[in-house]
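Please read the structure below before turning to the comments.
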Amino acid sequence: MEPLPFEESKKLFYKRVFKSDTCPPQYQDLEVISDGILKKYSGLPLAIVCIGGMLARTKNKTRSEWEKLCDRLGSGLEINPTIGGMRRILSLGYHDLPYYLKACFLYLSVFPEDYEIKRGPLVRRWAAEGFISGMHESNLEEVAAKCLDEFVSRSIVTPTRIASTGLAWSGAVSKKPMPITFAHLKLLRVLDLEGCQWLAEDLKEICKLTLLRYLSLRRTNVGLPKLVGRLKELKSIRHLSIIHWRNRDIGLEVFLELTSPPIFLETLYLWGRLSVLPLWISSLSYLIELCLRENFLDGELLGQLEKLPSLVSLKLYHESFMGTHLCFEKKKLFPSLKKLIIDNAPNLDELRFDGGAPNLESLTLAFEREPANGIFGIENLPKLMEVEFFGETIFDSLVQGMTAEAKIHPNRPRVYRED
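Residue numbers (our numbering): 253 to 671.
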């Protein structure tokens with residue numbers, strides 16, 4: 253990339269540090285050192301963005317603080333306009349990371365070059381490795397989002413797609429199958445085999461991995477009967493993701509036969525037909541997040557989940573629920589739920605909150621048709637912070653009604669739409 257003229261460099265630098273094209277009046281004493289920084293880094297945009305991002309995060313924007321940081325970079329690119337000089341500047345963005353962010357960032361090196369890294373699976377891997385599980389001020393998704401934002405702000409990670417479903421990095425997935433010998437992986441804690449459609453072997457060796465905490469078999473040819481028969485051996489599993497949508501007649505019915513599930517599950521994702529939720533789900537006292545998709549459930553869905561003590565996030569995606577009513581009743585039910593997503597429950601006529609989910613903060617809704625009876629009871633959600641409507645069709649009447657309700661809610665939750 254070509255160097256910028258000095259005045260353009262100045263604008264880029266100030267925009268990065270102060271979010272303004274010029275230096276604010278209260279920081280006029282920093283103009284001289286700012287000019288020195290820009291000359292040192294030869295007008296290269298990437299260097300300016302990196303240094304500007306680091307200076308923007310300094311607690312005290314003083315001349316002495318800025319000089320300390322610049323001294324650590326040495327001569328920069330003024331006398332060393334090479335890849336090595338640029339690498340030193342970029343490496344400072346890494347070395348200034350807090351210790352827990354360094355672990356998260358270094359973990360990205362396990363992915364091959366040009367591999368697209370999606371936020372959801374990455375978050376679950378970080379959690380399984382214990383990198384973010386000790387941070388209790390937010391749920392894991394919020395913590396991971398902060399980590400990713402921090403990487404982006406330091407210009408050591410560049411996002412190419414940001415959407416309501418998450419953040420992804422660019423690249424193409426390598427499809428070349430690689431032989432795996434599980435017997436040599438005794439210390440493995442994370443095993444993600446998503447997309448390995450050539451994998452069709454028995455799970456006997458996998459089930460010997462006693463430290464395994466995360467297993468994903470999405471889009472593989474591993475037979476579900478074999479998997480279910482051995483799940484009880486994976487006692488340490490924390491995160492489990494199963495997709496079986498190709499045969500809608502069978503789906504995930506085999507899970508109903510499971511009598512001894514992994515009791516320490518924290519995240520469970522089930523995509524495939526189920527006549528009812530397995531009874532054992534109500535015994536998962538450590539379950540934090542449950543995601544359901546295309547399960548075609550038509551029974552009493554909430555009754556099996558309402559007493560889960562640790563459930564923070566419930567995501568009911570496309571056609572997971574086929575019933576007509578969802579009602580969150582009684583104050584002591586869904587005690588920990590903070591995030592609820594209801595995405596196109598095609599027959600839903602009424603969504604009601606009558607005291608259940610007292611800690612709900614985020615409600616995300618998408619409808620194929622307008623619920624006949626409507627949405628009721630957000631006044632019974634004392635901690636509600638936001639309501640989002642999304643999808644191909646967003647009904648103005650629902651948004652307007654929710655906006656009116658939000659205006660008289662003590663929290664004044666934000667109501668918005670993503671068309």
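Beta carbons are placed, not taken as given, at the ideal position from N, Cα and C, and that holds for glycine.
Limits of the unbroken alpha helix (DSSP H) element including I289:
Working through the sequence shown from its first residue, we reach residue 289 at position 37. Per DSSP, the continuous alpha helix (DSSP H) segment holding I289 begins and ends at 283–292.
Between F641 and the rest of its own chain, which residues show a CB-CB distance below 6 Å, the 5 nearest in sequence each way excluded?
For the purposes of this step, residue 641 is identified with residue 389 of the sequence shown, where counting begins at 1. Within the same chain, F641 has close Cβ partners L617, V651, R669.
Is DSSP giving D401 helix, strand or coil here?
Taking the sequence shown and counting its residues from 1, the one referred to as residue 401 is at position 149. When DSSP states are grouped into helix, strand and coil, D401 belongs to the helix group.
May I ask which residues mark the beginning and end of the beta strand (DSSP E) holding Y466?
Here residue 466 corresponds to residue number 214 of the sequence shown, with the count starting at 1. Unbroken beta strand (DSSP E) run through Y466: 466–468.
Straight-line Cα distance separating L633 from L529:
Within the sequence shown, residue 529 is the residue found at index 277, counting from 1. Within the sequence shown, residue 633 is the residue found at index 381, counting from 1. The C-alpha of L529 lies about 26 Å from the C-alpha of L633.
Alpha helix (DSSP H) containing I300: first to last residue?
For the purposes of this step, residue 300 is taken as the residue at position 48 of the sequence shown. 297–308 is the span of the alpha helix (DSSP H), which, as asked, contains I300.
Where does Y351 land, buried or exposed, given buried means 16+ other C-beta within 10 angstroms?
Start at 1 with the first residue of the sequence shown, and residue 351 comes out as number 99. It is exposed - the Cβ of Y351 has fewer than 16 other Cβ atoms within 10 Å.
How long is the line joining the alpha carbons of P373 and V639, rounded to whole angstroms?
The residue you call residue 373 lines up with position 121 of the sequence shown. The residue you call residue 639 lines up with position 387 of the sequence shown. If I take the Cα positions, the gap works out to 25 Å.
I need the straight-line Cα distance from N611 to E283, nearest angstrom please.
Along the sequence shown, one-based indexing puts residue 611 at 359. Along the sequence shown, one-based indexing puts residue 283 at 31. Going by the C-alpha atoms only, they are around 48 Å apart.
Opposing strand residues paired with S565 [DSSP bridges]
The residue labelled residue 565 in the question sits at position 313 within the sequence shown. E541, K591, per the DSSP bridge assignment.
Run the CB neighbour count on E571, radius 10 Å, all protein chains shown included, and call it buried at 16 or more, exposed below.
Taking the sequence shown and counting its residues from 1, the one referred to as residue 571 is at position 319. Only buried fits E571, as 16 or more other CB atoms lie within 10 angstroms of its CB.
Can you tell me where the alpha helix (DSSP H) holding W532 begins and where it ends?
What you label residue 532 is simply residue 280 of the sequence shown in a count that begins at 1. Premise fails: W532 is in no alpha helix (DSSP H) and is neither H nor E.
Go to S493, then tell me how far its beta strand (DSSP E) extends in each direction, as first and last residue.
By 1-based counting over the sequence shown, the position of residue 493 is 241. From DSSP, the beta strand (DSSP E) with S493 extends over 491–495.
Same chain only: Cβ atoms within 7 Å of Y266, ignoring 5 sequence neighbours per side:
Taking the first residue of the sequence shown as position 1, residue 266 is located at position 14. In chain order, S272, D273, T274, C275 place their CB closer than 7 Å to the CB of Y266, counting only its own chain and leaving out the 5 sequence neighbours on each side.
Run the CB neighbour count on G328, radius 10 Å, all protein chains shown included, and call it buried at 16 or more, exposed below.
Within the sequence shown, numbered from 1, the residue matching residue 328 stands at position 76. Summary for G328: the model assigns pLDDT 48, below 50, so the residue's position carries little reliability, and this model does not support an answer.
With DSSP run on the structure shown, which of helix, strand or coil describes G653?
Looking up residue 653 in the sequence shown gives position 401. G653: helix per DSSP, three-state reduction.
Which class does V528 belong to by DSSP, given the choice of helix, strand or coil?
Indexing the sequence shown from 1 puts residue 528 at position 276. DSSP, read as helix, strand or coil, puts V528 in coil.
For a test of the three-state rule: what should DSSP assign to I458, helix, strand or coil?
Within the sequence shown, residue 458 is the residue found at index 206, counting from 1. Three-state DSSP puts I458 in a helix.
CB P255 to CB S294, shorter than 8 Å?
Residue mapping note: residue 255 aligns to position 3 of the sequence shown, counting from 1. Residue mapping note: residue 294 aligns to position 42 of the sequence shown, counting from 1. Yes, these two residues count as a Cβ contact at 8 Å.
Where DSSP assigns a beta bridge to C579, which residues make up the other side?
Start at 1 with the first residue of the sequence shown, and residue 579 comes out as number 327. The bridge partners DSSP lists for C579 are R604.
Please report the straight-line C-alpha distance between I369 and A396, rounded to a whole angstrom.
Taking the first residue of the sequence shown as 1, we reach residue 369 at position 117. Taking the first residue of the sequence shown as 1, we reach residue 396 at position 144. Their backbone Cα atoms lie some 13 Å apart in a straight line.
L517 versus V404 - alpha carbon distance
Here the question's residue 517 lines up with position 265 in the sequence shown. Here the question's residue 404 lines up with position 152 in the sequence shown. Straight-line Cα distance between these residues: approximately 31 Å.
According to DSSP, is K271 helix, strand or coil?
As a working mapping, residue 271 is identified with position 19 in the sequence shown. K271 falls in the coil class under three-state DSSP.
With a threshold of 16 other CB atoms inside 10 Å of the CB of T645, please say whether the residue is buried or exposed.
Position 393 of the sequence shown, counting from 1, holds the residue named residue 645. By the 10 Å Cβ count, T645 comes out exposed.
Counted within 10 angstroms of its Cβ, other Cβ atoms place P623 as buried (16 or more) or exposed:
If you number the sequence shown from 1, residue 623 lands on position 371. Buried is the call here.
Pairwise C-alpha distance: E546 and V506:
Along the sequence shown, one-based indexing puts residue 506 at 254. Along the sequence shown, one-based indexing puts residue 546 at 294. Straight-line measurement puts the Cα of E546 at about 16 Å from the Cα of V506.
Can you look up D323 in the DSSP assignment and give me helix, strand or coil?
Stepping through the sequence shown from its first residue, residue 323 is reached at position 71. Note: D323 maps to helix in three-state DSSP.
Would you report the Cα separation of D671 and V301, rounded to the nearest angstrom?
In the sequence shown, counting from the first residue as 1, residue 671 sits at position 419. In the sequence shown, counting from the first residue as 1, residue 301 sits at position 49. Spanning the two alpha carbons is a distance of roughly 32 Å.
Measure the CB-CB distance between R604 and F628 and report whether it falls below 8 Å.
Within the sequence shown, residue 604 is the residue found at index 352, counting from 1. Within the sequence shown, residue 628 is the residue found at index 376, counting from 1. In this structure, F628 lies closer than 8 Å to R604 by Cβ.
If we count the other Cβ atoms within 10 Å of its Cβ and call it buried at 16 or more, is R371 buried or exposed?
Numbered from 1 along the sequence shown, position 119 holds the residue referred to as residue 371. By the neighbour-count criterion, in which a residue is buried when 16 or more other Cβ atoms sit within 10 angstroms of its Cβ, R371 is buried.
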